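Have a look at the structure below, then the notes.
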Amino acid sequence: MSKVIIYKLERNPDGSVRTGGSYKVDLEEAKRLIEAGEAVAKGYAKGVLPDEVKGVASEPKKETKEESEK
Amino acid sequence: MAVITFNDVKCSLTSGTTWGTAADDASSVLLHFDTLTIDDNYEVAVIRTAGSNSPADIKRLGYAVSVSGGGTIGFNDDCWRILGHLLGDVAAGSEQTSMQGDYLHVIQSDSSTIGHFLTMNVLNETDQSYEIPSIKVTNFDITAEANGLFSWSFSAVGDRVLSSGDGDSPTNNAASTAALSVPAVEKACLGGANMYVRHDDYSTSVSLSSADDQAVSSFSLSIARPFDNLRVTNGSDTEEIIEPHQTDDTSVTLTLQYEDLDNGTRTLRTDRSADTAKAFELYVDGDQIGSGNNADIKIQIPHMLTTNIAPYNVARGTRIREAITYRATVPAADQSGMANISDLIGVSVTNSQNTEYDA
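Those sequence lines, one after another, are chains X and F. Counting with my numbering, you get residues 1 to 70 for the letters of the first sequence. Counting with my numbering, you get residues 1001 to 1359 for the letters of the second sequence.
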């Protein structure tokens, strides 16, 4: 399975959030972390799933929903 | 025409595309700097004549231009453009929080920096400027003491200096450069709640964490690439160097100054004798950008080895200290938490500048 680079979001001692370490993870793991707000994709803003990660969605229904939001 | 004082001196840096051809700085910003030196001189040959100790002539040979300077680091400063051109692998700034303008810039070393050079334009009068069409960055240093500002310095070689006051016709002029904007000033300090300096053994499975935080009084990072200084027969431009190419290995060295010799966790000499590689990370942050992430700077070295332990050298009245110097090497596999860095060093900067530091 192909892997993508994500940056984990880490919390500073004062409560602010920083873009933390970078990890190569499986596409599904990347999707889970990004949707859970625990990571960002390389080169993308928080909450945004890049195409390479979106492509692993196995539920057609979900893809349809995303398309309708555009 | 009016004479300007140092605080009025303005300088722009613009990424070039063709060596020797100046790039238009219309989309650039002004560089914050404290010192700047431009040295342009010809190598000369003194022509002698038989039967006399008095030179008959002086023949101009190759044109040698060098630039150096530095200042204190601000999150938004264009010094990152200089670093980006020295390291060579730069991603466009990506906004971390939608619509908040908190751009993450990832700057990493690459084996080669062919094609990476800058155009520099510096005001020397209110209506005159020096333009160097192409400079190639050779060195970039960052230093800081605990609770002090970060200092940066650089050096570069250039192809030639065009002086508008001497009748040259540079691409950029004083008026266009003077009109450029100045990035918001926010200086970085090696202090504050969210700052850390940490290192531990290189590992593909264990990331650095707060358990690896180190108490150091200062750090010094030095990045250098040795370049050739070559001219070829090229018509009227023969006296100028062609784009420099790297002639020896890139040097990334880090020196940490420890003030406690026996903290029970460091094993500096054992690490050296066992060739135990270390991973290093430094982080400082600044103010929050909009409602997004804070401005920040992160320096990461995934794999470095001990090259020097400073001599035990004490004198009455001084603290017994220990300074260690490490040199970065390429990791065989990704250090955990540094998966995006496959070469010697990565520097990530979050700031409000929507730019790409090598473009």
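For glycine and all other residues, C-beta sits at the position ideal for the given N, C-alpha and C. These figures come from a predicted structure and were not determined experimentally.
Segment limits, beta strand (DSSP E) that includes residue i
{"i": "residue 41/X", "result": "39-41"}
{"i": "residue 1105/F", "result": "1103-1109"}
{"i": "residue 1199/F", "result": "1196-1201"}
{"i": "residue 1356/F", "result": "No beta strand (DSSP E) holds residue 1356/F; DSSP gives it neither H nor E."}
{"i": "residue 1153/F", "result": "1150-1158"}
{"i": "residue 1129/F", "result": "1128-1145"}
Straight-line gap, residue i to residue j (C-alpha atoms, nearest Å)
{"i": "residue 134/X", "j": "residue 1235/F", "result": "This structure leaves residue 134/X out entirely; chain X is present only between 1 and 70."}
{"i": "residue 1099/F", "j": "residue 1283/F", "result": "24 Å"}
{"i": "residue 1173/F", "j": "residue 1036/F", "result": "18 Å"}
{"i": "residue 1295/F", "j": "residue 1159/F", "result": "35 Å"}
{"i": "residue 1316/F", "j": "residue 1196/F", "result": "31 Å"}
{"i": "residue 1122/F", "j": "residue 1162/F", "result": "10 Å"}
{"i": "residue 3/X", "j": "residue 52/X", "result": "10 Å"}
{"i": "residue 1193/F", "j": "residue 1227/F", "result": "41 Å"}
{"i": "residue 49/X", "j": "residue 23/X", "result": "16 Å"}
{"i": "residue 1245/F", "j": "residue 1211/F", "result": "42 Å"}
{"i": "residue 1176/F", "j": "residue 1078/F", "result": "17 Å"}
{"i": "residue 1031/F", "j": "residue 1022/F", "result": "17 Å"}
{"i": "residue 1111/F", "j": "residue 1050/F", "result": "52 Å"}
{"i": "residue 1089/F", "j": "residue 1357/F", "result": "9 Å"}
{"i": "residue 66/X", "j": "residue 45/X", "result": "Residue placement at residue 66/X cannot be trusted, given a pLDDT of 47 that sits under 50; the coordinates are not used to answer."}
{"i": "residue 11/X", "j": "residue 21/X", "result": "12 Å"}
{"i": "residue 1184/F", "j": "residue 1076/F", "result": "6 Å"}
{"i": "residue 1081/F", "j": "residue 1057/F", "result": "43 Å"}
Residue i, DSSP secondary structure in three states
{"i": "residue 1255/F", "result": "strand"}
{"i": "residue 1019/F", "result": "coil"}
{"i": "residue 1400/F", "result": "Nothing about residue 1400/F can be read from this structure; chain F reaches only from 1001 to 1359."}
{"i": "residue 1081/F", "result": "helix"}
{"i": "residue 3/X", "result": "strand"}
{"i": "residue 61/X", "result": "Confidence at residue 61/X is low in this model, with a pLDDT of 46, below 50, so the placement of that residue is unreliable and no value is reported for it."}
{"i": "residue 1070/F", "result": "strand"}
{"i": "residue 1211/F", "result": "helix"}
Residue i - containing alpha helix (DSSP H), residue span
{"i": "residue 51/X", "result": "51-54"}
{"i": "residue 1271/F", "result": "1268-1273"}
{"i": "residue 27/X", "result": "27-35"}
Option nearest residue i by Cα separation, candidates the options
{"i": "residue 1321/F", "options": "1311/F, 1329/F and 1187/F", "result": "1311/F"}
{"i": "residue 1097/F", "options": "1116/F, 1293/F, 1358/F and 1308/F", "result": "1293/F"}
{"i": "residue 1338/F", "options": "1010/F, 1108/F and 1182/F", "result": "1108/F"}
{"i": "residue 1006/F", "options": "1359/F, 1126/F and 1064/F", "result": "1126/F"}
{"i": "residue 1269/F", "options": "1230/F, 1067/F, 1193/F and 1307/F", "result": "1307/F"}
{"i": "residue 1301/F", "options": "1286/F, 1309/F, 1329/F and 1318/F", "result": "1329/F"}
{"i": "residue 1014/F", "options": "1180/F, 1094/F and 1152/F", "result": "1180/F"}
{"i": "residue 1290/F", "options": "1080/F, 1101/F, 1250/F and 1150/F", "result": "1101/F"}
{"i": "residue 1131/F", "options": "1115/F, 1148/F, 1166/F and 1104/F", "result": "1166/F"}
{"i": "residue 1191/F", "options": "1200/F, 1341/F, 1086/F and 1297/F", "result": "1297/F"}
- prompt: Just by C-beta distance, which residues in the stretch 18-50 of chain X are closer than 8 Å to chain F?
  reply: 18, 19, 20, 21, 22, 23, 24, 40, 42, 43, 44, 45, 46, 47 and 48
- request: Can you give me, in chain order, the residues of the stretch 1322-1347 of chain F that have a beta carbon less than 7 Å from any beta carbon in chain X?
  value: 1334, 1337, 1338, 1339 and 1340
field: Residues in the stretch 5-17 of chain X having any Cβ partner in chain F nearer than 7 Å
entry: 5, 12, 13, 14, 16 and 17
task: Return the residues of the stretch 1092-1118 of chain F that lie within a Cβ-Cβ distance of less than 7 Å from chain X, sorted by chain order.
output: 1094, 1095, 1096, 1097, 1098 and 1104
- prompt: the stretch 1258-1289 of chain F: which residues have C-beta closer than 8 Å to a C-beta of chain X, in chain order?
  reply: 1283, 1285 and 1288
query: Which of the residues in the stretch 1169-1195 of chain F, read from start to end, lie with their CB under 7 Å from any CB of chain X?
result: 1193 and 1194
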